[in-house]
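To start, the structure under review is shown below, and the notes come after it.
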Amino acid sequence: DEKFKRPAEFVGSVVRSLEPLSDGDYFSVVFRQLEALGQIPYFEDQPTGYSDKMADWLNSNALLGRWNLGFAVAFGDVPVGSRAGFGDAPMDQTERVMADFFQIRVFELIGEARTPAEIVDRLVSRVLHRDIERADRDALIEYGAQQGASTAPLPLDQAVAGARSVLAALLASRYFQQR
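For the sequence shown, the working numbering gives the first residue as 93, with consecutive numbering after it.
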């Protein structure tokens, strides 16, 4: 009997699986993502905490938020905070809007994998830690091949681009949503 991850489990899984680098404040990005997904720490009034029922977390808005986060993480678009000025000195506008981002080391995630099949197998192992159905694996391989042959080694830039696409799809998949 599979259970659907609550937002805190989902965000924690992303951070734990991908080990992103950040110059910013991890707490800020995690808190903002949990807020966007509807599970602010310690804000549940019930003494038992947030619900553990799939029905309370599985809806179109919740899934869209998770998918958006997965794609943003895979493509390096997750702001993790602004750098503030120091002391009471006035900040100019560029200091206020400068943001740090989670950086996913895609090159390290794929290792020596260069064919779409190798990339998919490597990411599935690293991110999901379990096998996926053959039809889903085949679809991911085709998606990662980006209109090329699925058995031919890709140039490094294409391998990384394909890996980002596959990673985004994996983070949005039912496999990653379930615990």
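Yeah, the Cβ is synthetic: ideal placement off N, Cα and C, and Gly gets one too.
- P99 and E200 have their C-alpha atoms spaced approximately 26 Å apart.
- By the Cβ neighbour-count rule, L232 is buried, with 16 or more other Cβ atoms within 10 Å of its own.
- Looking at the DSSP output, F119 sits in no beta bridge, so it has no partner there.
- Rounded to whole angstroms, S217 and N151 show a C-alpha spacing of 28 Å.
- Under the 10 Å beta carbon count, T207 is surrounded by 16 or more other beta carbons and is classified as buried.
- In its chain, beyond the 5 residues on either side, R271 have a beta carbon closer than 8 Å to the beta carbon of E101.
- Annotated as proximal: Q238 and A253, with beta-carbon spacing under 8 Å.
- Counting every other CB atom within 10 Å of its CB across the protein chains shown gives Q131 a total of 16 or more, marking it as buried.
- Residue K95 holds the alpha-carbon nearest to the alpha-carbon of M146 among D213, K95 and R124.
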